[in-house]
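Engineer:
Numbering (the working numbering), first residue to last: 153 to 322.
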């Protein structure tokens, strides 16, 4: 059932008024940073606004909000880990090869897109794909490492490649 935008906005506004402070504190304790917590609070409520689901009455609004915020928090930590790994790899390069700030942003955006694509793959498919692409292992070596047949490795690789091609077309 579609919910009117006005009704949804009022429900989100009510949730914001009642639980904004609590959610900010909850996130701040996990992040140790009031600014990042404030950003994630806003992202949580923006996500609520974009949902077409009826928001009131919620049986446990704090559980609902913390579930959404936790998902955003995991994404935040994942992004920080990717940024940290990228910056560490940059630090190992000669300064003359360092990308400009604009190039860094483009590279980070690309890395985050690759990460999102890989997270959509089933675990064994992702692992087989990464072992082939990053470690350069043969299908036989991947099969031995994962304890599966070489035929299954071929199936996993085909699945990963199809996924990549599908995303590239989008």
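The C-beta atom is built at its ideal place from N, Cα and C for all residues, glycine as well.
1) Report yes or no: is there a C-beta of chain C within less than 9 angstroms of the C-beta of residue 296?
2) Report the three-state DSSP secondary structure of residue 297 (helix, strand or coil).
3) Does residue 161 come out as helix, strand or coil in the three-state DSSP assignment?
4) Per DSSP, what kind of secondary structure is residue 210 in: helix, strand or coil?
5) Does residue 94 pass the burial test, meaning 16 or more other C-beta atoms within 10 Å, or should it be called exposed?
6) Hey, is the region 216–232 in contact with the region 190–203, meaning 3+ C-beta pairs nearer than 8 angstroms?
7) Can you find the residues in the same chain that come closer than 7 angstroms, C-beta to C-beta, to residue 254, ignoring five residues on each side of it along the sequence?
8) Assign residue 249 to one of two classes, buried (16 or more other C-beta atoms within 10 Å of its C-beta) or exposed (fewer than that).
9) My output table needs one value for residue 306: the three-state DSSP class, helix, strand or coil.
10) Using the rule of at least 16 other Cβ atoms within 10 Å of the residue's Cβ for burial, across every protein chain shown, is residue 294 buried or exposed?
11) Quick check: residue 300 and residue 276, are their CB atoms within less than 9 angstroms of each other?
12) Buried or exposed: where does residue 305 fall if 16 or more other Cβ atoms within 10 Å of its Cβ makes it buried?
13) Report yes if the CB atom of residue 230 is closer than 9 angstroms to the CB atom of residue 267, and no otherwise.
14) By Cβ distance below 6 angstroms, which residues in the same chain neighbour residue 281 in space, the five residues on each side in sequence not counted?
15) For residue 269 and residue 200, which I take to be in contact (beta-carbon distance under 8 angstroms), what is that distance rounded to the nearest angstrom?
16) Helix or strand or just coil, what does DSSP make of residue 281?
Structural biologist: Quick answer:
1) Within the model displayed, chain C is absent; a lone protein chain is all it includes.
2) Residue 297 falls in the helix class under three-state DSSP.
3) Looking at residue 161 - three-state DSSP - the assignment turns out to be helix.
4) Of the three classes helix, strand and coil, the one that applies to residue 210 here is coil, per DSSP.
5) An answer regarding residue 94 cannot be provided, because it is not within the stretch 153 to 322 covered by the chain.
6) These segments touch.
7) No residues qualify anywhere along the chain.
8) So residue 249 counts as exposed.
9) Looking at residue 306 - three-state DSSP - the assignment turns out to be helix.
10) So residue 294 ends up on the buried side.
11) Yes, these two residues count as a Cβ contact at 9 angstroms.
12) Classification of residue 305: buried, given that the 10 Å Cβ count is 16 or more.
13) In contact: residue 230 and residue 267 (Cβ atoms closer than 9 angstroms).
14) Only 312 meet the Cβ criterion.
15) About 26 angstroms separates the beta carbons of residue 269 and residue 200, which is beyond the 8 angstroms limit, so they are not a contact pair.
16) For residue 281, the three-state secondary structure derived from DSSP is helix.
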